[in-house]
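This report concerns only the one structure given below.
Protein chains: 4
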Amino acid sequence: MRNRYAYLGPAGTFTEAALRELHPGIPEGAAVACSGVDDVFAAVRNGEVDAGVVPLENSVEGGVTTTIAELINGTPLLISAEAAIPVRFTLAAREGAAIADVKRIATHPHALAQVRGWISAHLPEAETFTVASTAAAAQAVAEPGAPYDAAVCAAIAAERYGLRPLANDIGDRSEAATRFIQLSRPGALPAPTGADRTSLVAFIADDHPGALVELLNQFALRGVNLTRLESRPTGDGLGRYCFCIDADGHVADAAVGEALMGLRRVCRDVRFLGSYPRADEGSGPTQCMPAKGTSNAEFHDAKRWLERIRSGDVA
Amino acid sequence: MRNRYAYLGPAGTFTEAALRELHPGIPEGAAVACSGVDDVFAAVRNGEVDAGVVPLENSVEGGVTTTIAELINGTPLLISAEAAIPVRFTLAAREGAAIADVKRIATHPHALAQVRGWISAHLPEAETFTVASTAAAAQAVAEPGAPYDAAVCAAIAAERYGLRPLANDIGDRSEAATRFIQLSRPGALPAPTGADRTSLVAFIADDHPGALVELLNQFALRGVNLTRLESRPTGDGLGRYCFCIDADGHVADAAVGEALMGLRRVCRDVRFLGSYPRADEGSGPTQCMPAKGTSNAEFHDAKRWLERIRSGDVA
Amino acid sequence: MRNRYAYLGPAGTFTEAALRELHPGIPEGAAVACSGVDDVFAAVRNGEVDAGVVPLENSVEGGVTTTIAELINGTPLLISAEAAIPVRFTLAAREGAAIADVKRIATHPHALAQVRGWISAHLPEAETFTVASTAAAAQAVAEPGAPYDAAVCAAIAAERYGLRPLANDIGDRSEAATRFIQLSRPGALPAPTGADRTSLVAFIADDHPGALVELLNQFALRGVNLTRLESRPTGDGLGRYCFCIDADGHVADAAVGEALMGLRRVCRDVRFLGSYPRADEGSGPTQCMPAKGTSNAEFHDAKRWLERIRSGDVA
Amino acid sequence: MRNRYAYLGPAGTFTEAALRELHPGIPEGAAVACSGVDDVFAAVRNGEVDAGVVPLENSVEGGVTTTIAELINGTPLLISAEAAIPVRFTLAAREGAAIADVKRIATHPHALAQVRGWISAHLPEAETFTVASTAAAAQAVAEPGAPYDAAVCAAIAAERYGLRPLANDIGDRSEAATRFIQLSRPGALPAPTGADRTSLVAFIADDHPGALVELLNQFALRGVNLTRLESRPTGDGLGRYCFCIDADGHVADAAVGEALMGLRRVCRDVRFLGSYPRADEGSGPTQCMPAKGTSNAEFHDAKRWLERIRSGDVA
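Chains as they are written, first to last, in the numbering used here: chain A, 1 to 315; chain B, 1 to 315; chain C, 1 to 315; chain D, 1 to 315.
Quick look at the structure:
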């Protein structure tokens with residue numbers, strides 16, 4: 001029996017594109033569209049699917065807030081993979097239509113905001129209509145007797161609903177890639193690859209200026225780079241914050257492991273969200289050359305040295 | 001001639017609610033609905049309006065990504081006020097309808113995800129339809145011959161489109177308040193009130209573990225609390241990040257002023273986004289008692305002491 | 001065969017007092033006076049004695065510079081104990097003499113500087129002479145036909161040379177206790193007592209502002225208090241410094257062990273000097289309540305937690 | 001009327017050498033030998049002399065402990081200059097004597113410890129005697145009918161007492177230079193030279209691990225290098241410590257000034273000890289290239305920028 005994967009639907013969203021990037025050639029029946037991010041989490045938790053894909057950052061069609069709230073407060077799941085998908089918009093119409101025929105365009109409001117320049121330049125006369133998602137726009141255009149001539153959507157949506165791309169990459173600015181994550185039930189972590197990421201949520205114990213600095217020092221002192229840092233209300237009262245953190249490296253690495261133990265000791269709580277291969281190599285707010293003293297070898301050398309001096313062997 | 005304000009429309013969004021919280025009793029013609037966050041920024045920049053309101057964090061109907069991108073990269077504007085609006089959903093129908101009559105419900109997908117529990121409990125038979133915004137749902141229900149019986153929307157949308165609330169506060173969980181900001185053209189800052197917030201974007205100069213710690217130390221060392229901290233790609237290449245920071249206090253305060261000068265010196269760039277009254281008192285990730293040595297009086301005392309010792313007066 | 005101990009002589013110095021504090025009732029032949037701190041180190045290294053006692057801080061008769069230079073650069077020895085001896089001066093004369101008879105006083109120049117107030121008040125007419133040590137002064141007074149009537153020396157010197165104290169505790173100010181250490185050849189460390197001290201020398205790798213802060217953070221982040229911190233030239237070139245550090249706790253403690261591993265990784269070199277019972281309880285520049293997350297139990301809990309999450313057990 | 005200077009005598013000490021390095025060609029009557037460090041401080045305070053020179057670090061003949069205690073607790077004086085004097089020992093005898101004639105050598109015990117290697121190699125048969133200072137040894141050798149044939153002393157002592165050097169630089173190891181300071185009454189500081197040092201004592205407010213890190217961060221964050229750091233008991237009770245700190249730069253520099261204001265705010269007390277030209281260029285525990293953002297120009301630019309943004313000028 002094949003693995004099954006849930007994703008934030010409907011079919012044709014950027015999230016489906018992320019799922020297919022992670023699992024190329026996945027058969028039709030193995031991809032289960034859910035109507036909300038909550039549903040994806042629920043389907044993974046109750047075992048209906050083996051894993052689920054949701055947006056984590058910057059998604060044009062949202063879900064991010066719910067994703068983060070579920071990661072912070074819901075029954076724990078592990079992030080087992082990530083995908084970085086460029087948000088590129090396609091103008092898609094029914095077979096046979098030409099650009100000149102496009103009078104009425106459907107899309108999601110956020111997508112519309114990002115293609116307005118292209119539309120004014122190329123289809124200044126066209127009317128625009130907003131619907132609930134870019135995939136819904138493609139679906140609506142595909143229906144017989146559709147009230148719209150074309151949709152602004154992802155390439156995958158055009159493909160899924162049998163539309164023909166009239167113009168590709170029509171966004172007014174090229175956005176940074178949107179990040180999607182794959183959720184799995186607790187279990188064995190993906191093996192370290194040498195280019196991994198570790199995600200976690202840290203709930204600080206004391207509200208004092210400097211508490212955050214101490215927390216970040218737990219990483220800095222072990223030479224662990226952070227690639228995302230975001231304060232979020234914990235939801236349990238005004239003024240209580242937690243920090244969503246992505247760090248370079250795998251929890252199996254000595255530096256990451258020791259940093260996490262440090263957090264565990266000084267924080268009110270730490271929720272480990274997973275270690276998994278990075279979708280992009282080499283990026284991060286504090287990316288750098290490996291700093292002195294941060295390799296596994298140096299950690300192990302330090303450990304052997306400690307054993308030596310604990311036995312009084314200093315000669 | 002009255003002041004005019006742009007906001008992220010259509011009429012009836014949570015953003016309009018934020019605008020009305022900031023300017024109670026604002027006349028109809030003074031509130032200008034824009035169809036995108038970009039448009040609000042543009043209307044303020046080109047002088048069409050005096051100020052504009054957009055979502056900054058956690059908005060159910062989005063805009064946040066664009067807001068932040070515009071603040072980071074667009075022609076500079078100042079944040080001159082903020083509003084914290086609880087995201088509460090209302091089920092609204094045409095005059096005369098009862099709950100029992102509701103068969104078809106329209107709303108935005110994110111709103112739908114957040115009221116699903118209530119709908120299963122109270123209207124298990126109802127069909128749901130997603131449209132481009134909660135306000136668009138209310139508008140659609142209000143139209144004669146509407147295909148929907150009720151909308152899930154903000155209370156203000158029900159009011160604006162002449163609908164009657166059937167049930168209030170139907171969200172499955174009470175979310176933290178959503179934050180909206182008011183944008184103004186560069187000019188005199190709002191006067192300090194004693195409970196202010198300062199927003200800025202810091203572009204770090206060196207990508208090394210610890211660069212972020214140094215940056216945060218500029219605040220911690222002067223006892224300045226941070227209330228939001230979020231890493232964002234700068235957009236100019238892989239792996240370059242900036243940090244969106246909200247801090248307690250006004251740039252006119254000695255501690256905040258010195259911290260900002262510190263950032264200015266050590267960062268590649270700092271973009272000041274404004275100092276303005278806080279919508280909520282007392283919250284923040286690192287909120288605390290005033291720490292020793294961080295009051296204006298202590299800063300001024302230290303300055304006088306420095307002048308004394310520079311003149312050799314140590315007796 | 002008894003243990004033998006070297007100390008900085010001659011007999012009657014404050015260092016001998018320290019040796020007798022550490023080994024009460026030590027027989028005469030077991031205490032070997034050396035004429036220099038170097039000789040004490042040499043006697044321990046070549047096995048002539050089992051251990052040796054030298055001054056480390058604030059000694060009235062010196063030796064401190066040599067002690068520190070030997071600890072930093074000499075063949076490694078371990079500190080196996082410490083003693084804190086109050087520096088109290090006695091005016092001692094031959095049996096039968098009265099204060100009124102004292103016309104000529106011998107002592108070491110540093111001691112003289114510290115009793116000048118008492119002498120002006122009580123023996124304003126007396127002449128003072130400086131000799132090589134306070135013990136040498138006592139010895140000279142004891143000799144038949146001595147050119148001096150009294151010595152300013154340690155109580156132990158009076159005792160050793162058969163003199164009678166005429167006045168005790170005649171120092172113009174009560175100094176903080178002077179600290180002496182006992183040196184042993186490398187071997188098993190003293191067992192942890194719950195009130196221990198760990199000494200080491202850290203040679204920083206990079207000369208940049210902040211290198212010292214990073215080093216100290218290795219302690220601060222694990223909640224380890226420092227009780228002494230002193231920069232010293234390394235001796236191998238202009239502008240190269242090392243730091244002599246005393247910390248609360250035993251290297252067998254989890255927090256101290258991890259801090260030392262951290263130093264080992266980031267420093268050019270670390271020389272471990274020993275873990276041994278503290279002579280004084282509760283003092284130190286950064287003494288405090290045990291901070292959150294720094295006990296052995298919390299370190300072990302963090303370690304077990306890390307093992308759990310490394311196996312993917314987050315449920 | 002000429003300036004007069006006190007120094008730690010007797011004539012011929014390394015301290016006198018430091019005084020003559022600072023004031024070349026100073027006439028005989030202008031240099032006043034004092035018998036204790038306390039006396040030098042007193043002579044400056046009561047106006048008997050214009051300034052005084054005392055050892056600060058590593059002096060072979062001591063005084064350092066008293067110097068530091070007076071700087072920390074005594075009536076405030078300012079350090080107005082420093083000198084770094086290499087500690088080099090000379091074997092000096094009366095005119096006409098040859099090395100082969102030397103049977104009895106006098107010196108201070110610390111000096112003896114440092115020339116023992118040379119003596120064993122070159123004068124293995126000679127007897128050694130210790131006296132109160134190396135200058136006293138030279139003086140004793142110079143007397144008619146002296147009980148000693150030669151003295152181990154500073155070159156200046158040989159000169160002062162009319163002895164002839166038989167061998168120079170006979171120390172077993174070349175020590176780092178010893179540091180001497182010149183004390184003046186409060187008054188105008190020496191002008192900045194571009195290579196200055198600033199000395200101060202910081203009394204920390206809270207005894208918690210990390211207090212010292214915060215203190216050092218006040219320097220690190222402004223890019224100010226520290227060249228000496230030493231914890232000292234404050235003298236007012238067990239476990240209260242202060243830190244003697246030397247930093248690169250002049251209090252008139254923006255970075256140093258702001259760092260000192262920071263200390264003033266967060267410390268229990270700060271005692272400013274002076275800004276004066278460095279005796280040695282380029283040394284220090286954390287010496288480095290000027291770090292980004294730490295020059296006077298960058299501080300002033302940051303100040304102008306703050307004024308701009310405080311007026312709302314961000315365009």
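We treat Cβ as the ideally placed atom computed from N, Cα and C, and that holds for glycine.
Let me check understanding here. Comparing Cα to Cα, which of B:Arg-88, B:Ala-177, B:Cys-34, B:Phe-219 lies closest to Glu-57 of chain B?
Nearest in C-alpha terms to Glu-57 of chain B, of all of B:Arg-88, B:Ala-177, B:Cys-34, B:Phe-219, is B:Ala-177.
Below 6 Å CB to CB, which residues in the same chain sit around Ala-18 of chain A once its five sequence neighbours on both sides are set aside?
Excluding sequence neighbours, Ala-18 of chain A sits near Val-53, Ala-83, Ile-85, Phe-180.
Would you say Trp-118 of chain A faces chain G, with C-beta separation under 8 Å as the test?
Absence of chain G from the displayed structure is noted, the protein chains being A, B, C and D.
Taking only beta-carbon positions, decide if Pro-109 of chain B is within less than 8 Å of chain A.
Judged by the 8 Å Cβ criterion, Pro-109 of chain B is in contact with chain A.
May I have the straight-line CA-CA distance separating Pro-190 of chain C from Ala-33 of chain C, to the nearest angstrom?
A straight-line Cα-Cα distance of about 25 Å links Pro-190 of chain C and Ala-33 of chain C.
Going by Cα to Cα distance, which pick from B:Ile-26, B:Thr-75, B:Ile-245 is closest to Leu-263 of chain B?
The candidate whose alpha carbon is nearest that of Leu-263 of chain B is B:Ile-245.
Taking just the CA atoms, how far does Glu-28 of chain A sit from Asn-319 of chain A?
A query on residue 319 of chain A cannot be resolved here, the shown segment of chain A reaching from 1 to 315 and no further.
Could you tell me if His-108 of chain C is buried or exposed, where buried requires 16 or more neighbouring beta carbons within 10 angstroms of its beta carbon?
With 16 or more neighbouring CB atoms inside 10 Å of its own CB, His-108 of chain C falls in the buried class.
What's the call for Thr-193 of chain C, buried or exposed, on a 16-neighbour Cβ count within 10 Å?
Exposed, because fewer than 16 other Cβ atoms sit within 10 Å of the Cβ of Thr-193 of chain C.
Three-way DSSP call (helix, strand, coil) for Ala-350 of chain A in this model:
Outside the displayed range of chain A (1 to 315) lies residue 350 of chain A, so it cannot be described from this structure.
Quick one: grab the DSSP three-state call for Arg-232 of chain C.
In the structure shown, Arg-232 of chain C adopts extended strand secondary structure according to DSSP, grouped into three states.
Between the alpha carbons of Phe-299 of chain B and Leu-78 of chain A, how many angstroms are there, rounded?
For Phe-299 of chain B and Leu-78 of chain A, the distance between alpha carbons rounds to 48 Å.
Please compile the residues from chain C whose C-beta is within a distance smaller than 9 Å of the C-beta of Pro-192 of chain A.
None at all; the shortest Cβ gap to chain C is about 11 Å.
Inter-residue Cα distance where the pair is Thr-75 of chain D and Ser-35 of chain D
For Thr-75 of chain D and Ser-35 of chain D, the distance between alpha carbons rounds to 20 Å.
Here's the rule I'm using: 16 or more other beta-carbon atoms within 10 Å means buried, otherwise exposed. How should Glu-127 of chain D be labelled?
If you draw a 10 Å sphere on the C-beta of Glu-127 of chain D, you find fewer than 16 other C-beta atoms in it, and that means exposed.
Bounding residues of the alpha helix (DSSP H) (the contiguous stretch that carries Ile-309 of chain A):
296-310 is the span of the alpha helix (DSSP H), which, as asked, contains Ile-309 of chain A.
Please report the distance separating the alpha-carbon of Gly-162 of chain D from that of Arg-185 of chain C.
Gly-162 of chain D and Arg-185 of chain C: Cα-Cα distance of roughly 47 Å.
Rounded separation between Ile-309 of chain D and His-110 of chain A - CA only:
For Ile-309 of chain D and His-110 of chain A, the distance between alpha carbons rounds to 32 Å.
Consider the Cβ of Phe-203 of chain A: report whether some Cβ of chain C lies at a distance smaller than 8 Å.
Taking 8 Å as the threshold, the shortest C-beta distance from Phe-203 of chain A to chain C does not fall below it.
Given Ser-275 of chain D, which residues of its chain have a CB within under 6 Å of its CB, disregarding the five upstream and five downstream residues?
Counting only residues of its own chain and dropping the five nearest sequence neighbours on each side, Ser-275 of chain D has a CB closer than 6 Å to the CB of Leu-189, Asp-196, Thr-198, His-250, Val-251.
Thinking C-beta only, is Ala-259 of chain B closer than 8 Å to Phe-219 of chain B?
Taking C-beta atoms as the reference points, Phe-219 of chain B and Ala-259 of chain B count as a pair closer than 8 Å.
Taking only beta-carbon positions, decide if Val-131 of chain C is within less than 8 Å of chain D.
Yes - at least one Cβ of chain D is within 8 Å of the one on Val-131 of chain C.
In angstroms with no decimal places, state the Cα-to-Cα distance between Arg-265 of chain B and Arg-268 of chain A.
Near 34 Å, if we compare the C-alpha coordinates of Arg-268 of chain A and Arg-265 of chain B.
Which residues in chain B sit within 9 Å of Thr-67 of chain A, going by Cβ to Cβ distance?
The contacting residues do not exist; Thr-67 of chain A stays about 11 Å from chain B at best.
Looking at chain C, is there any beta carbon in it that lies within less than 8 Å of the beta carbon of Ala-315 of chain A?
Contact of Ala-315 of chain A with chain C is assigned, a C-beta pair being separated by under 8 Å.
Residues of the segment 30-44 of chain A in Cβ contact with chain B at a cutoff of 9 Å, in chain order, please.
Cβ contacts with chain B: Ser-35, Gly-36, Val-37, Asp-38, Asp-39.
Less than 8 Å between CB atoms is the rule here; does Ala-113 of chain C satisfy it with respect to chain D?
Chain D contact via Cβ: present.
Taking Cβ to Cβ, would you say Thr-13 of chain D is nearer than 8 Å to Ser-120 of chain D?
It is not a contact, given that the beta carbons lie outside the stated cut-off.
At what residues does the alpha helix (DSSP H) containing Glu-159 of chain C begin and finish?
Where Glu-159 of chain C is concerned, the enclosing alpha helix (DSSP H) stretches over 155-160.
Close beta carbons around Val-141 of chain D, own chain, < 8 Å, minus the five adjacent residues each side:
Excluding five sequence positions before and after Val-141 of chain D, the CB atoms of its chain that fall closer than 8 Å to its own CB belong to Ala-92, Ala-93, Arg-94, Ala-106, Tyr-148, Asp-149, Ala-150, Ala-151, Tyr-161, Leu-163, given in chain order.
Might you give, ordered along the chain, the residues of its own chain that have their beta carbon closer than 8 Å to the beta carbon of Ala-146 of chain B, omitting 5 neighbours on each side?
Excluding residues up to 5 positions away in sequence, Arg-94, Ala-140 lie with their Cβ nearer than 8 Å to the Cβ of Ala-146 of chain B in the same chain.
Taking 8 Å as the CB-CB limit, is Ile-181 of chain A close to chain C?
Contacts with chain C at 8 Å (Cβ-Cβ) do not include Ile-181 of chain A.
Where does Ile-105 of chain C fall in DSSP's three states?
DSSP, read as helix, strand or coil, puts Ile-105 of chain C in strand.
Mind checking Ala-69 of chain D: buried by the 16 CB within 10 Å criterion, or exposed?
Classification for Ala-69 of chain D: buried.
Identity of the residue in B:Arg-278, B:Ala-113, B:Ile-26 nearest Phe-89 of chain B by Cα
In terms of Cα proximity to Phe-89 of chain B, the closest of B:Arg-278, B:Ala-113, B:Ile-26 is B:Ala-113.
Identify every residue that forms a DSSP beta bridge with Ser-275 of chain C.
Answer is C:Thr-198, bridged to Ser-275 of chain C.
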